[in-house]
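Enquirer: The sequence shown stops at residue 2344 when you use our numbering, and every number in between is there.
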Amino acid sequence: MTQKRLAAPMGRLIDRRQPLQFTFEGEQISGFAGDSIASAVIASGRHLLSRSFKYHRPRGVLSMFGQDANTLVQLTDEPNVLADVQPITQGLTVTGQNYNGSLDNDRDAKMQLFSRFMPVGFYYRAFYKPKGMWKRWEPLIRRKAGLGVLNLKIDETYYDKAYLFCDVLVVGGGPAGLQAALTAADSGAQVIVVEQLPLIGGALSWARMAAEAQQTEQVLQFMTRRVETHPNIRVLLNATCNGWFKDHYLPVIQGQRMYKVRATSCVIAAGAYDQPVVFRNNDLPGVMLTSAAQRLMQHYGVKPGQRAVLLTGNDDAYLAALMMHEQGVAVAAIIDLRTELPQAALTQPLQRAGIELIANATVYEALAASAGQVSAVEVRSIIGQGKVAASGKRIECDLLCMSAGYMPAWQLPCQAGGKLRYDDASASFTLSHLPAGMFTAGSINGWHTLEEVVQDGTHAGRMVLQQLGINNNISTLPPRQGEKPRINYPWPIFAHPKGKEFVDFDEDLQINDIINATKHGYRDVQLVKRFSTVGMGPSQGRHSALPTARLVAQATARSVSETGVTTARPPFSAESLAHLAGRHFDPWRVTAIHQRHLALQAQMMPAGNWLRPGWYQTVPAADKKTAVQAEALNVRNNVGLIDVSTLGGIELRGPDAAEFLNRLYTFAFIKQPVGRTRYALMTNEQGVVIDDGVACRLAENHFYVTATTSGVARVYQSMLQWNTRWRLDVDIANVSSAWAAVNLAGPQSRKVLSNLCDELDLSAEAFPYLACREGKVAGIPARLLRVGFVGELGYEIHVPTRYGQALWDALMQAGSDDGIKPFGVEAQRLLRLEKGHVIIGQDTDGMSHPGEISMSWAVNRVKPEFIGRRAIDILEAHPPVRKLVAFTLPAASPLPLEGHLVLEGERITGNVTSCEYSPTLNAIIGMSYASADRATPGDSITIRTEGGREVTALVVKLPFYDAENQRQEL
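#1: What does the alpha-carbon distance come out to for the pair residue 2350 and residue 2195?
#2: Excluding the 5 residues flanking residue 1457 on each side, which residues of the same chain have their C-beta closer than 8 Å to its C-beta?
#3: Looking at C-beta atoms only, is the number of pairs between the stretch 1589-1609 and the stretch 1925-1941 that lie closer than 8 Å three or more?
#4: Taking the CB atoms as reference points, tell me whether residue 1805 and residue 1790 lie closer together than 8 Å.
#5: Roughly how many whole angstroms lie between the Cα atoms of residue 1394 and residue 1460?
#6: As an exercise, report each continuous beta strand (DSSP E) stretch of at least 3 residues that is fully enclosed by the stretch 1619-1691, in chain order.
#7: Which ranges does the alpha helix (DSSP H) cover as unbroken runs of at least 4 residues, wholly within the stretch 1865-1942, from first to last along the chain?
#8: Counting only the same chain and skipping the five closest in sequence on each side, list residues whose C-beta sits under 8 Å from that of residue 1766.
#9: With three or more C-beta pairs closer than 8 Å as the rule, is the stretch 2125-2136 touching the stretch 1966-1980?
#10: Within 10 angstroms of the Cβ of residue 1559, are there 16 or more other Cβ atoms? Answer buried if so, exposed if not.
#11: Pair every Cβ in the stretch 2221-2233 with every Cβ in the stretch 2275-2285, then say whether three or more of these pairs are closer than 8 Å.
#12: Would residue 2048 be called buried (16 or more neighbouring beta carbons within 10 Å of its own) or exposed?
#13: Within 10 angstroms of its Cβ, does residue 1441 collect 16 or more other Cβ (buried), or is it exposed?
#14: So, with DSSP's three-state summary, where would you put residue 1528?
#15: Over what stretch of residues does the alpha helix (DSSP H) that includes residue 2214 continue unbroken?
#16: In its own chain, which residues sit with a C-beta less than 6 Å from the C-beta of residue 2162, not counting the 5 before and 5 after it?
#17: Three or more C-beta pairs closer than 8 Å, one from the stretch 1858-1878 and one from the stretch 1385-1404: is that the case here?
#18: Answer with buried or exposed for residue 2305, where buried requires no fewer than 16 other C-beta atoms within 10 angstroms of its C-beta.
#19: Kindly provide the ranges of any alpha helix (DSSP H) runs that are 4 or more residues long and lie completely inside the stretch 1380-1417, ordered along the chain.
#20: Please say whether residue 1556 and residue 1601 have beta carbons closer to each other than 8 Å?
#21: Can you give me the Cβ contacts of residue 1375 inside the same chain, cut-off strictly under 7 Å, excluding the 5 residues immediately before and after it?
#22: On the premise that residue 1536 lies in contact with residue 1631, defined as a C-beta separation below 8 Å, what is that separation, rounded to the nearest angstrom?
#23: If you draw a straight line from the C-alpha of residue 1987 to the C-alpha of residue 1968, how long is it?
#24: Can you tell which of 1948, 2271 and 1910 has the C-alpha that lies nearest to the C-alpha of residue 2321?
#25: Under 8 Å, with one C-beta from each stretch per pair, do the stretch 1879-1886 and the stretch 1427-1439 reach the 3-pair mark?
#26: Please check if any C-beta of chain C sits within less than 8 Å of the C-beta of residue 1475.
#27: Going by alpha carbons, who is nearest to residue 2057 out of 1479, 1886, 2232 and 1958?
#28: Is it a yes or a no for the stretch 2167-2182 touching the stretch 2246-2266, going by three-plus beta-carbon pairs under 8 Å?
#29: May I have the straight-line CA-CA distance separating residue 2363 from residue 2240, to the nearest angstrom?
#30: Within the same chain, show all residues whose beta-carbon is closer than 8 Å to that of residue 1590, passing over the 5 residues directly before and after it, in chain order.
#31: Bridge partners of residue 1568, per DSSP?
#32: Using the Cα positions of residue 2283 and residue 2205, report the straight-line distance between them to the nearest angstrom.
#33: With respect to the beta strand (DSSP E) encompassing residue 2248, which residues constitute its N-terminal and C-terminal limits?
#34: With a 10 Å radius around its C-beta and 16 neighbouring C-beta atoms as the bar for buried, classify residue 2191 as buried or exposed.
#35: Does DSSP put residue 2045 in a helix, a strand or coil?
#36: The alpha helix (DSSP H) with residue 2179 in it runs from where to where?
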């Protein structure tokens, strides 16, 4: 290890005072705290880290930045770990993956000998016949191209989410990002900087950006000190901004936490990706990007090789070679793809060191030693685009660093709607059409010298301040004069008669694979991606998108600007399911009566974005089941009170109010009498049931419509959307928050309510079932609805929100002699199930239409049109496939739960949507989807319950309780 380690100040990320030991492929490896798996393994003298996806070729470090699949390894509890960024820990056990035998001697490496039989897309065309053959081939293919083993016994780990807000989010902690952050923060803006590395500085921390090393170091130290001490700047290290969403809503992943950041504006200073050169065996261990070699030295203090060759299309390799030479790496040669060498200030120090400089040439082939690592390169002169001389020279080396140029980190700007443009003449990129409030800075804009990058950061910071309106007196920088430096070689692709020139290292795709995809007719680069899988691996096209675009352009006789690159979609990097499923914090609402529920020992439950009483622990020792059944029986036998303030409420006023409802809902509303309610079922354009409620006609041109707790926002939005088309004369207002409501239900409810109503006639004749009235209850102005969701005589009472608690108190007091008790959502659901009433979203899904759930009675066939009418007619003209049915089981049977499967033999025909034990009926009752031929009362269905036990349930007719509806019509 000592031979490979460089002395300080090399090794910014490691702590040499903390040595650590771990194993790689059973071999004891020594490292330091801060080392990655790859850096420690390379420091030990080994370059082979993994095997390639398709051909099992030996692979080593490529980017040293977690941007490729070359370093995928297996940990005890996790597969597909990127060894170049994964920190080591004491006692860590690491193995390679995707090999048969051992990593050094993979028996499946012989698969590359059969590459001619595995051309691009071969799996699409070879395994689909005879019918059923794919099932035989699939296990073998997955075994040969496996990517690690998942540990299904791993213990759960805590993940969570948090919310951050700022004026400016800066993505990228390099010189441009830091300068933009300082410019904005100095004028009072609150700034968050997101940096993937464990330290800020970006390229300043690993690249030599000037001939004098001290200049880069001085800028790094100055910027770091200012940012870390600035009161308006917060830095998130080891963090990745994983996407951009509307209005600058950005997910940032740091460790086991996902931050959801809402920024007023953002600066993308994410830099640019070093690009490989495409030549034969460009994937061998020891062949890496120039930036990777610099990271190994600067970040980890690791000597990347003993004798190096640098292949370049720009000036940066000369500065890298100078660094390598100073750190004891023997630089054999710099191979410059360009026709001329750069200025003398860069070349003379290297020539004095005896380093050979070769212009207008390329590495045509990398040659491997017996261990698979690069041992020499064949260099040939370039005689045309992608063409080389017939012969060349051999240069011995164990390290080949390549950089054909840079491609901007385009993902986040393009996710935001930006356009990435390529100029074929200059081989350069530009980003345009960014959304308001998004700015880019630094090398993402094509600036690469330290002075240019810092100046561009200042410019972006000033643009942010103008957009924020914080300091409108600050002038922006004047436009730069002259052309940007050319940093991309236009055609760094050199085909070899023997192939193995890799365009995509993740997917083992070669030059011919891309060209053959176009010969199959896939001329669009997006289709080439899908056919060949180019850009679908962990690198997501960071190194393959540009050479792929160049090859497709050439094969289809177009320019790269016409071809374009593949679409960038979130996430920016791999995102674990744990981050998505981790603990999150939802805002919730409470009703005006909430404090009364707490005083009554209510056990709260979520309902949409509300908290509602699930059940009341009125007896301290009572469990949920006992309490819910007691509440339900009290409603059946006496009187109960439930808070339904969470129901949506929408006011419709105007001459066209009735016509509007008639078009929106399935029932008819034109002739609905004033003072009456009507069931309102809503479907979408596909005929799927999406909501329901009650429409109350309070006056000729005035309706009050209720909607479900979780659906009211969607219903209101839909109403506004449709009326922008219809232009009806109707005013629509969401008044859900303006009203509190309770449901007084049970045989004693009229008696209780009469104690509080002096002006209203509550008799069955004056106030019949499904009527609505306006009056006063306990002196409070109220709207009263005679509805029967729970199947008993009942009154839904709506009052202004400020009176909700007063109404509750008055009703509880008025019913004290009649056994009034509160009941919660759980009892309500049991009571409605006994009546067979459907809950939208529980007993329906994204395919349920009225005929499936036996609600064709709620569809008016006389009126000419309503939303979903045509779709419903088409759906109901076809024989039904499934139906929502009611079923019963003996009380002693296992209780089916929501989601349990309904089976016919081994075939799944449906699932349970609701099921409870009914104390009123002394039976288990429920609803489920079943095949249409088992939906007739008297049929039986089989339900698989907990533990795999199957029960046979009897299909019955709804409702389960009070079939004549006499009780709710008292």
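C-beta: ideal position from N, C-alpha, C; glycine also.
Quantities reported herein were computed from a predicted structural model and do not represent experimental measurements.
Expert: Result, derived from the coordinates:
#1: As shown, the chain starts at 1375 and ends at 2344. That puts residue 2350 outside it, with no answer to give.
#2: One-based indexing of the sequence shown puts residue 1457 at position 83. So the qualifying residues of the chain are 1410, 1411, 1412, 1415, 1423, 1424, 1445, 1446, 1447 and 1468.
#3: no
#4: Counting from one through the sequence shown, the residue named residue 1805 turns up at place 431. Counting from one through the sequence shown, the residue named residue 1790 turns up at place 416. Result no, Cβ atoms of residue 1805 and residue 1790 do not sit closer than 8 Å.
#5: Numbered from its first residue, the sequence shown carries residue 1394 at position 20. Numbered from its first residue, the sequence shown carries residue 1460 at position 86. Going by the C-alpha atoms only, they are around 14 Å apart.
#6: 1623-1628, 1631-1642, 1646-1649, 1661-1663 and 1681-1686
#7: 1885-1893, 1899-1906, 1919-1929 and 1934-1937
#8: By 1-based counting over the sequence shown, the position of residue 1766 is 392. Cβ neighbours of residue 1766 beyond the five flanking positions: 1735, 1738, 1752, 1753, 1754 and 1755.
#9: no
#10: Looking up residue 1559 in the sequence shown gives position 185. Under this definition residue 1559 is a buried residue.
#11: no
#12: Start at 1 with the first residue of the sequence shown, and residue 2048 comes out as number 674. The residue in question, residue 2048, is exposed, as its Cβ has fewer than 16 Cβ neighbours within 10 Å.
#13: Stepping through the sequence shown from its first residue, residue 1441 is reached at position 67. Counting Cβ neighbours within 10 Å, residue 1441 comes out buried, since at least 16 surround it.
#14: By one-based count along the sequence shown, residue 1528 stands at place 154. In this structure, residue 1528 counts as coil in the three-state DSSP scheme.
#15: Taking the sequence shown and counting its residues from 1, the one referred to as residue 2214 is at position 840. Element bounds for residue 2214: n/a, residue is neither H nor E.
#16: For the purposes of this step, residue 2162 is identified with residue 788 of the sequence shown, where counting begins at 1. Correct list, in chain order: 2168 and 2342.
#17: no
#18: Locating residue 2305 in the sequence shown gives position 931, counting from the first residue. Residue 2305 should be labelled buried.
#19: 1411-1417
#20: If you number the sequence shown from 1, residue 1601 lands on position 227. If you number the sequence shown from 1, residue 1556 lands on position 182. Taking 8 Å as the Cβ cut-off, residue 1601 and residue 1556 qualify as a contacting pair.
#21: Here residue 1375 refers to the residue found at position 1 when the sequence shown is read from its first residue. Low confidence applies to residue 1375: its pLDDT is 39, below 50, so where it sits in the model is not reliable, and the reading given next is rough at best. 1404, 1417 and 1418.
#22: Stepping through the sequence shown from its first residue, residue 1631 is reached at position 257. Stepping through the sequence shown from its first residue, residue 1536 is reached at position 162. Confirmed, about 6 Å.
#23: Numbered from 1 along the sequence shown, position 613 holds the residue referred to as residue 1987. Numbered from 1 along the sequence shown, position 594 holds the residue referred to as residue 1968. Going from the Cα of residue 1987 to the Cα of residue 1968 covers about 9 Å.
#24: The sequence position of residue 2321 within the sequence shown is 947, counting from 1. Of 1948, 2271 and 1910, the residue nearest in Cα terms is 2271.
#25: yes
#26: The chain inventory of the structure shown lacks chain C, comprising one protein chain alone.
#27: Residue mapping note: residue 2057 aligns to position 683 of the sequence shown, counting from 1. Comparing Cα-Cα distances from residue 2057 to each of 1479, 1886, 2232 and 1958, the minimum goes to 2232.
#28: no
#29: This structure does not reach residue 2363, given that the chain is present from 1375 up to 2344, and the question cannot be answered.
#30: The residue you call residue 1590 lines up with position 216 of the sequence shown. Answer for residue 1590: 1578, 1581, 1582, 1583, 1584 and 1824, listed in chain order.
#31: The residue given as residue 1568 occupies position 194 in the sequence shown. Its beta-bridge partners are 1545 and 1610.
#32: Within the sequence shown, the letter at position 909 stands for residue 2283. Within the sequence shown, the letter at position 831 stands for residue 2205. Cα-Cα distance, rounded: 27 Å.
#33: Translated into positions along the sequence shown, residue 2248 becomes position 874. Run containing residue 2248: none in the beta strand (DSSP E); it sits in the alpha helix (DSSP H), 2243-2251.
#34: Residue numbering aside, residue 2191 sits at position 817 when the sequence shown is read from its first letter. With fewer than 16 Cβ atoms within 10 Å of its Cβ, residue 2191 is classed as exposed.
#35: Within the sequence shown, residue 2045 is the residue found at index 671, counting from 1. Residue state, collapsed to three classes: coil.
#36: As a first step, residue 2179 must be located in the sequence shown, where it is residue number 805. Segment 2178-2188, the alpha helix (DSSP H) holding residue 2179.
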